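Heads up, the thing below is written out as structure tokens.
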């Protein structure tokens with residue numbers, strides 16, 4: 001963007017969005033946050049797309065605290081975070097082993113009228129893989145079915161792993177039978 005300024009072009013919302021998205025893909029969370037500050041300083045409206053991309057950059061770098069701050073700042077700016085922003089923040093919390101915060105955000109998204117999708121459920125179930133909270137994993141799996149969603153094999157595998165750690169072999173066998181249907 002500094003190159004654009006040098007030749008007399010003024011960065012706009014589109015160019016800032018593209019730059020933040022590039023930072024997301026490159027896992028450059030610090031630069032993504034810097035770009036948000038630059039956009040604000042240049043009086044370019046910061047969009048939800050920009051914030052979501054920055055949250056995702058933080059998620060990829062396991063910067064869960066920063067992801068939480070970005071989500072809160074989006075809410076403070078009346079940007080009405082969507083499911084993409086919530087899912088990225090939940091994932092950041094899960095990667096940072098902040099399960100309580102992740103489940104809180106999952107509930108908050110629902111309270112705001114956002115219907116969880118396969119990514120929402122899969123992220124939470126996968127985060128439980130390191131522990132033995134099989135009741136919670138099975139409860140999430142039940143919600144997935146009730147919502148008419150289809151989990152991927154990774155999420156099912158994580159759920160099976162949680163059951164294994166919790167010594168719930170009968171439940172794991174039942175789940176395998178259900179997966180075949």
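Residue numbers (the UniProt record's numbering): 1 to 181.
Quick reminder that beta carbons are idealized off the backbone N, C-alpha and C, glycines included.
Quick caveat, the model's predicted, so the values are computed rather than measured.
Secondary structure of residue 10 (DSSP, three-state): coil.
Annotation for residue 125: 137, 140, 155, 158 and 159 place their beta carbon closer than 6 angstroms to its own, counting only its chain and skipping 5 residues before and after. Setting aside the 5 residues that flank it on each side, residue 65 is surrounded in the same chain by 96, each with a C-beta closer than 8 angstroms to its C-beta; the list follows chain order.
Here DSSP, grouped into helix, strand and coil, assigns residue 63 to coil. In this structure, residue 71 sits near residue 86, with a CB-CB distance shorter than 9 angstroms.
Shortest Cα-Cα distance from residue 73 to any of 55, 43 and 41 involves 55. The three-state secondary structure of residue 152, taken from DSSP, is coil.
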